[in-house]
Amino acid sequence: MLKRASSLIMAGLLLLTMAACGSNPVQADKVFANYGIETELSSMDAQVVTDGTSFTIIENTTEGLTQFDKNSVIVPAIAESWEISEDGMTYTFHLRKDAKWSNGTPVTANDFIFAWKRLADPATASDYQFFITDVSGIRNANAIAAGTAALDSLGAEAPDEHTLVVYLERPVPYFLSLVLFPPMFPVNEEFYNSVKELYGQSKDATLANGPFMLTYWEQGGTQITVERNPEYYAKDEVTIDGVNFVVVKDAQSALLAYRNGDIDKFTLTGELVEQFENDPEFSIVDGSYLWYILVNHKEAHLDNAELRLALATAYDKQAICSGILKDGSVPADYFVPTKLATGPDGKDFRETSPVYLEYNPASALAHWEKAKKELAIDSLEISLIVEDTESAIAVATFIQDAIQKNLPGITVKLETMSKKARLQRQSDKDYQLSLTRWGPDYSDPMTYLEQFKTNTTSIGWDNARYDALVDEVTFGRTALEPVARWEMMKEIEKELLQNADIMPVYQKNNAVLQKKNLTGIEEHMTIGNLFKHAVKTTD
Amino acid sequence: MKDEIKIETGREFELVGIRADMHIDKNYASQSFWKDVVVRFTRNKGSVFGMMMILLILILAIVGPTMNGYTYDNVNLDHQNLAPRVKWLSHFSIFDGAEKGVDRYAALGLSDTYYWFGTDTLGRDLWTRTWEGTRISLFIAFVAVVIDMVIGVSYGLVSGYFGGAVDSFMQRIVEILNGIPTLITVTLLMLVMEPGLKSIILALMLTGWIGMSRVARAQVLKLKEQEYVLAARTLGIGHIDLIAKEILPNIFGQLITMSMFSIPSAIFSEAFLSFVGLGVPTPMASLGSLINDGYKSFLTHPYMLVFPTVVLALLMLSFNLMADGLRDAFDPKMQEL
Amino acid sequence: MSRYILKRLILAVLTLLVIVFVLFLMLQYMPGSPFNDEKLNAEQVAALKSKYGLDQPVYIRFFKYVSHMVRGDFGLSYNIQKNVPISSMIRGRLPVSIRLGAQAVLLGTLLGLVLGVMAALWHNTFVDTLCTIVSVVGVSVPSFVFAFFLLYNLGFKAGLFPILYKVTLPVSSTVLPTLALSMFPLAQIARFSRTEMLEVLGSDYMLFAESKGLTSFRLHAVHALRNVLIPIITVLAPLIVSLMTGSMVIEKIFSVPGVGSLLVTAIQSNDYNVVVSLTFIYCVMYIGIMLVVDMLYGVIDPRIRLTKENSHEG
Numbered sequence: 032m033l034k035r036a037s038s039l040i041m042a043g044l045l046l047l048t049m050a051a052c053g054s055n056p057v058q059a060d061k062v063f064a065n066y067g068i069e070t071e072l073s074s075m076d077a078q079v080v081t082d083g084t085s086f087t088i089i090e091n092t093t094e095g096l097t098q099f100d101k102n103s104v105i106v107p108a109i110a111e112s113w114e115i116s117e118d119g120m121t122y123t124f125h126l127r128k129d130a131k132w133s134n135g136t137p138v139t140a141n142d143f144i145f146a147w148k149r150l151a152d153p154a155t156a157s158d159y160q161f162f163i164t165d166v167s168g169i170r171n172a173n174a175i176a177a178g179t180a181a182l183d184s185l186g187a188e189a190p191d192e193h194t195l196v197v198y199l200e201r202p203v204p205y206f207l208s209l210v211l212f213p214p215m216f217p218v219n220e221e222f223y224n225s226v227k228e229l230y231g232q233s234k235d236a237t238l239a240n241g242p243f244m245l246t247y248w249e250q251g252g253t254q255i256t257v258e259r260n261p262e263y264y265a266k267d268e269v270t271i272d273g274v275n276f277v278v279v280k281d282a283q284s285a286l287l288a289y290r291n292g293d294i295d296k297f298t299l300t301g302e303l304v305e306q307f308e309n310d311p312e313f314s315i316v317d318g319s320y321l322w323y324i325l326v327n328h329k330e331a332h333l334d335n336a337e338l339r340l341a342l343a344t345a346y347d348k349q350a351i352c353s354g355i356l357k358d359g360s361v362p363a364d365y366f367v368p369t370k371l372a373t374g375p376d377g378k379d380f381r382e383t384s385p386v387y388l389e390y391n392p393a394s395a396l397a398h399w400e401k402a403k404k405e406l407a408i409d410s411l412e413i414s415l416i417v418e419d420t421e422s423a424i425a426v427a428t429f430i431q432d433a434i435q436k437n438l439p440g441i442t443v444k445l446e447t448m449s450k451k452a453r454l455q456r457q458s459d460k461d462y463q464l465s466l467t468r469w470g471p472d473y474s475d476p477m478t479y480l481e482q483f484k485t486n487t488t489s490i491g492w493d494n495a496r497y498d499a500l501v502d503e504v505t506f507g508r509t510a511l512e513p514v515a516r517w518e519m520m521k522e523i524e525k526e527l528l529q530n531a532d533i534m535p536v537y538q539k540n541n542a543v544l545q546k547k548n549l550t551g552i553e554e555h556m557t558i559g560n561l562f563k564h565a566v567k568t569t570d
Numbered sequence: 002m003k004d005e006i007k008i009e010t011g012r013e014f015e016l017v018g019i020r021a022d023m024h025i026d027k028n029y030a031s032q033s034f035w036k037d038v039v040v041r042f043t044r045n046k047g048s049v050f051g052m053m054m055i056l057l058i059l060i061l062a063i064v065g066p067t068m069n070g071y072t073y074d075n076v077n078l079d080h081q082n083l084a085p086r087v088k089w090l091s092h093f094s095i096f097d098g099a100e101k102g103v104d105r106y107a108a109l110g111l112s113d114t115y116y117w118f119g120t121d122t123l124g125r126d127l128w129t130r131t132w133e134g135t136r137i138s139l140f141i142a143f144v145a146v147v148i149d150m151v152i153g154v155s156y157g158l159v160s161g162y163f164g165g166a167v168d169s170f171m172q173r174i175v176e177i178l179n180g181i182p183t184l185i186t187v188t189l190l191m192l193v194m195e196p197g198l199k200s201i202i203l204a205l206m207l208t209g210w211i212g213m214s215r216v217a218r219a220q221v222l223k224l225k226e227q228e229y230v231l232a233a234r235t236l237g238i239g240h241i242d243l244i245a246k247e248i249l250p251n252i253f254g255q256l257i258t259m260s261m262f263s264i265p266s267a268i269f270s271e272a273f274l275s276f277v278g279l280g281v282p283t284p285m286a287s288l289g290s291l292i293n294d295g296y297k298s299f300l301t302h303p304y305m306l307v308f309p310t311v312v313l314a315l316l317m318l319s320f321n322l323m324a325d326g327l328r329d330a331f332d333p334k335m336q337e338l
Numbered sequence: 026m027s028r029y030i031l032k033r034l035i036l037a038v039l040t041l042l043v044i045v046f047v048l049f050l051m052l053q054y055m056p057g058s059p060f061n062d063e064k065l066n067a068e069q070v071a072a073l074k075s076k077y078g079l080d081q082p083v084y085i086r087f088f089k090y091v092s093h094m095v096r097g098d099f100g101l102s103y104n105i106q107k108n109v110p111i112s113s114m115i116r117g118r119l120p121v122s123i124r125l126g127a128q129a130v131l132l133g134t135l136l137g138l139v140l141g142v143m144a145a146l147w148h149n150t151f152v153d154t155l156c157t158i159v160s161v162v163g164v165s166v167p168s169f170v171f172a173f174f175l176l177y178n179l180g181f182k183a184g185l186f187p188i189l190y191k192v193t194l195p196v197s198s199t200v201l202p203t204l205a206l207s208m209f210p211l212a213q214i215a216r217f218s219r220t221e222m223l224e225v226l227g228s229d230y231m232l233f234a235e236s237k238g239l240t241s242f243r244l245h246a247v248h249a250l251r252n253v254l255i256p257i258i259t260v261l262a263p264l265i266v267s268l269m270t271g272s273m274v275i276e277k278i279f280s281v282p283g284v285g286s287l288l289v290t291a292i293q294s295n296d297y298n299v300v301v302s303l304t305f306i307y308c309v310m311y312i313g314i315m316l317v318v319d320m321l322y323g324v325i326d327p328r329i330r331l332t333k334e335n336s337h338e339g
């Protein structure tokens, strides 16, 4: 029996070995860029995904109505031209006639309408539904999402195959920057119906209309390959044959793989950054995630402005950036990041806006003394929840130490947990302070500023003035007057920061190692790692 | 076998009473068992070394954090990533404060500053943190062994000894407990309890004893069919006496060896807990969390990993050597080989 | 024997049901939710929950889940791989993990047994010390440190094996992870078999067998080894299962597309169905291994089989 059992085991092992050998990607004599990513591809369904890796791969295979050029200026993509009505509420897009999907069918206006209806449809239950309802302002999107209007009532129509007319409920000055973001990408209805719920889940259930198409992807596999799309209308602009996205989760393994030549580009983290600061292959890529401390105004004492001001100015943001992160991140004495949006004056929002809450231990202490009097306390224990990533914990530990040193009497308790658990505590308003981050969804300051409306977020406050300002900028007359709107957004930022209702920490940048023979990868604020114009030479 | 008369285990024999004319041999007790153990233990060089080492580490864990005036939680970014430097050991390259030929102490103008084990990425003194961490890890290890001994051994003994339906039932419970990954049990505890030592101990209590109970059970299964156990039963000994006096002493060596293994696994469980966010709350440290942190800087500042790993390895080696000595001391047969 | 196995199998199914139910209950109270991104509003969260049936009571979800599972449908992933059936998520990963684990256990057990037995035969010699050192290093150096050491020296410096798992090289890709993973079982088994062997060598029946004039090889290979194997098998089963935890870290370092790293991600992102499915598979393997171990007992030690049959079949 022992013999039988062992032969069974051996047979089983053999089978498994064979099963693991499956099909392999074929790559003969082609020039591929190898890019190290940290997480697996989740899905190719642009209306459903939420994670960075999936967005990156979708952005390399699919094009929307518009796109960014090298300098992050909006230029035509699938739409070759467009007209905007006087009142800013009707957009007419003229689509290129040579745009095709990778199966040869042309990209039509209906592909966009179909995709947008999917996004608004409550049955899709997309995480990015807010993008078409709250953000884009397309007519009836909100009602469709709420289930009170039919799908067909969506404010977008196709007078002919290559014309798309979009009706908005209110002027949305940044609308053109919305349609280059994946949730607004087109989906071919006929193809979708041929695969139904499998759409986007394998390479065969995915279509591309952009520079590359997906050619290798095993469920759960640690390598994803895209290759040039022969049907792409601007295929002559693409010089590289394809990109391998290689999943490397461990930072040090990634570095060794980079030095070995297995990957050509990856993002450096933690201590590794310091070692490469002067390396010619090292560079800082501007990012737009803003890390800040969210304050629960419902918690005892945290509704006191003096206490918040004391806390917000008691930690040295510069030290956090240059001493802990070292990846080119910059101190955030603001909430709307730099290089996010350009105003009617042609200048970056930050250039003409003031800074708030600069590090100042002396005035922090003074605020704390006042707070002690106002609250009639002389010591305070406060909890800061933080997700369990290396950098978040290090930053939180530093803030904890700084507050305790600069504001004697305050004890900060750190609670580390998974990100999902932190977000749950936030939405349950079961927290005092939370170290969190926000990334932009479109190139306008409102992507940051509109999120704290009373009763919609975890900040737990009632601020009528803030609500009124946000409503005026979004729906009011000001929405149509660019200059006034710009000024009013500065007001909103001031409203948020002058009393430290939230406490900004830093604007995250990324430290990247990229081989010298790989160039031309484009980065923008809301989308990035576009390999369309990438060049890889053999050296 | 169907026709056999069934008699419940332990009920086959009945004590008829002790009569004066029964001769009980008491000669074996001429020298106390424990005195024997001590003599045999001290004769073993390895185990004495192990014991001394554990004592030394224990002392350092107690006084180490107060020896150089730094605290375990003081963040000082100006002093981050400083290599180890000891005044009277500075002619050794490990302790001269330089790393890859660069002396950052000199660059920072810290001519009279000495971090014996260097500093971490936040500029905290690693000497203090290492011994602070050892203290916590030792505490966790101690609790783990107690839990193993109390819960694991008794569970295994009962399950193996009584066999039959009791064993079957108890093993199903073990299977269920073991079938759910520790990671999930532990993550769940985060909701109920605040991260900290208490939750760690609770997490260990839930699953840590299972390995030990299996060993205890297997040993009992082996022993309970042996002639001397049968002999004891013939004399009408009760269940508890049989387990405590006849079976337990004979499996003690196995149990001690196994419990010495539960120390590293307890310490590593703790490191794993740190990884999922249920470990010792920052800025506290344990050997596990220090190794975890040090690993992340392994390519740039290897010393951060080296010291806690060396302390841990020494601790493990010592526990193993001591366990060996203990087992040999308890079981004199080994000496004759 | 076959009735005994049947009985065990029925018990195993019951055990699994209990485990799945306990899991469901536990996940109910797990912190976080699969749908709590900052960008979702309350209505959307409700819509998402009803789409995936999460708004129903636990017991209904439990029965639905089990009835689907019987048909091989493990449900959909909520957020790791949006809407992808879990069966297809696991199909590619499980063989990789099992192969890695099996290789590591085989290698570790064989080397450990050889080392432990040799250490016992040459008690208090160089071999014995080596065994102690190996077993101490194996259990006291965390597997990820050892893994990285291998990665750095054999993978990066010497360039013998790939650093990252490559689909094109499924065999050489698993060499380093296997070595790293086998360190722990090797140490445990070496240590344990040494202790056992010493005990067996000192027993009366060995003396008796020796006095019958058996050859040294027959003496050790047949009589001693057989008795050493029983307790080894006992520690082997939990060891195999513990490899799954170990593989979570190893899989991360070598970028191995296995289930260990998937479980970690699933727990962190509250992807309930993935957690339940993986745990279920893990339990099936565990219970299966335990069953095999209990039967192996009988093969190696007939006395145990006798008692088992007595107590179970009467």
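Residue numbers (our numbering), protein chains in the order written: chain R, 32 to 570; chain H, 2 to 338; chain B, 26 to 339.
By construction, the Cβ of each residue, glycine as well, lies at the ideal position given by its N, Cα and C atoms.
The structure displayed is predicted, hence computed values, not measured ones.
- A direct Cα-to-Cα measurement between Phe86/R and Val269/R gives close to 20 Å.
- Pro242/R and Glu330/R have their C-alpha atoms some 51 Å from each other.
- With respect to the 8 Å criterion, Gly289/H and Leu306/H are not classified as neighbours on the basis of their beta carbons.
- Rounded to whole angstroms, the gap between the alpha carbons of His240/H and Ile148/H is 23 Å.
- Nearest C-alpha to Arg173/H among Tyr90/B, Tyr103/B and Ile44/B: Ile44/B.
- Taking 8 Å as the cut-off, the Cβ atoms of Val426/R and Thr447/R do not count as close.
- For the C-beta of Gly301/R, the chain H residues within less than 8 Å are, from N- to C-terminus, Thr122, Lys297 and Ser298.
- Ala176/R and Ala156/R have their C-alpha atoms some 9 Å from each other.
- The alpha carbon of Leu211/B has as its nearest neighbour, out of Val192/B, Leu155/B and Leu31/B, the alpha carbon of Leu155/B.
- Ile60/H: member of the alpha helix (DSSP H) spanning Lys46 to Val64, first to last residue.
- DSSP, reduced to helix, strand and coil, places Asn91/R within a helical segment of the structure shown.
- The count of Cβ pairs closer than 8 Å, one atom from the segment 347-354 of chain R and one from the segment 528-548 of chain R, reaches three, so the stretches are in contact.
- Trp492/R: not part of any alpha helix (DSSP H); DSSP gives it neither H nor E.
- Boundaries for Gln254/R: no alpha helix (DSSP H) harbours it, while the beta strand (DSSP E) harbouring it runs Gln254 to Arg259, taken from the DSSP string.
- Of all residues in the segment 209-222 of chain H, those with a C-beta nearer than 9 Å to a C-beta of chain B are Ile211, Gly212, Arg215, Val216, Arg218, Ala219, Gln220 and Leu222, reading in chain order.
- In the structure shown, Asp126/H falls within a strand segment according to DSSP collapsed to helix, strand and coil.
- For Ala108/H, the enclosing alpha helix (DSSP H) begins and ends at Arg105 to Leu109.
- Here Thr97/R carries a strand assignment [DSSP, helix/strand/coil].
- Within chain H, the residues Glu176 have their CB atoms less than 7 Å from the CB of Met315/B, given in chain order.
- Secondary structure at Leu321/B: helix, using DSSP grouped into helix, strand and coil.
- Non-local beta-carbon contacts of Phe143/H in its own chain, meaning distances under 8 Å to residues more than five positions away in sequence, are absent.
- Going by DSSP, Glu418/R is part of the beta strand (DSSP E) stretching over Leu411 to Glu418.
- Its chain contains Ala236 as the residues whose beta carbon lies nearer than 6 Å to that of Leu229/R, once the 5 sequence neighbours on both sides are disregarded; these appear in chain order.
- According to the DSSP secondary-structure assignment, Ser465/R is paired through a beta bridge with Leu325/R and Ile416/R.
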